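The structure appears below as structure tokens.
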Amino acid sequence: MNDETSKRYSASGYDLSPLPAVVYERRVKDLTPEERRVLLASGTETPFCGGLLDEHGVGTFICRLCALPLFRSEDKFESGTGWPSFTRPLDPDHLTRLTDTSHGMTRTEIRCARCQSHLGHVFPDGPAPTGERHCVNSVSLRFMPDGARADHEDHDM
Numbered sequence: 148m149n150d151e152t153s154k155r156y157s158a159s160g161y162d163l164s165p166l167p168a169v170v171y172e173r174r175v176k177d178l179t180p181e182e183r184r185v186l187l188a189s190g191t192e193t194p195f196c197g198g199l200l201d202e203h204g205v206g207t208f209i210c211r212l213c214a215l216p217l218f219r220s221e222d223k224f225e226s227g228t229g230w231p232s233f234t235r236p237l238d239p240d241h242l243t244r245l246t247d248t249s250h251g252m253t254r255t256e257i258r259c260a261r262c263q264s265h266l267g268h269v270f271p272d273g274p275a276p277t278g279e280r281h282c283v284n285s286v287s288l289r290f291m292p293d294g295a296r297a298d299h300e301d302h303d304m
């Protein structure tokens, strides 16, 4: 269904409804092998190698697959871990949190709430104001400078 009554919206007003299957499949086809490994198979990119680690522009970090706005540049900080880190999401509704028990430890995995792409993990060792460190793979994100528009907003509809 594509009518407005079947859609789910975040507190900040973004459509969180799943992408139509044809749109999702087209976008998945456009992913690089590394993007597929991280976004679709919950992989992790090599630390200190991500293209957005040193991004310090003013804007928004959006989901690589579905373009949902996830983090603001003002919430990005240097964690020293080798991955872009954020104190909080743009809207908590934009992230899905799951328990991850892989690699012999328990962590909180974060995924995009719209398309379920793997983003990274959130840890309770971040700075104020939240005390959280959202540790995110660069390949899971795209940076949109303020004033720019994502090339595939609104589910390509």
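The opening residue of the sequence shown carries number 148 in the working numbering; numbering runs sequentially from there. A virtual CB, placed ideally from N, CA and C, is assigned to each residue, including glycine. Computed from a predicted structure; not experimentally measured.
> Rounded C-beta distance between residue 238 and residue 157? I'm assuming under 8 Å.
Replying inline: 5 Å
> Taking one C-beta from the segment 197–210 and one from the segment 166–184 each time, how about it: are there three or more such pairs within less than 8 Å?
Replying inline: no
> Around the C-beta of residue 148, are 16 or more other C-beta atoms found within 10 angstroms, so that it is buried, or is it exposed?
Replying inline: With a pLDDT of only 43 at residue 148, under the threshold of 50, the placement of this residue in the model should not be trusted, and no figure is reported.
>> Just verifying my parser: in three-state terms, what is the DSSP assignment at residue 304?
In response: The pLDDT assigned to residue 304 is 32, lower than 50, so where the model puts this residue is not dependable, and the model offers no usable value.
> Based on Cα-Cα distance, which residue from 198, 210 and 228 lies nearest to residue 272?
Replying inline: 228
>> Please tell me whether residue 220 and residue 280 are closer than 8 Å, where the distance is taken between their beta carbons.
In response: no
> For the alpha helix (DSSP H) that contains residue 286, what are its first and last residues?
Replying inline: That residue, residue 286, is in no alpha helix (DSSP H); it is neither H nor E in DSSP.
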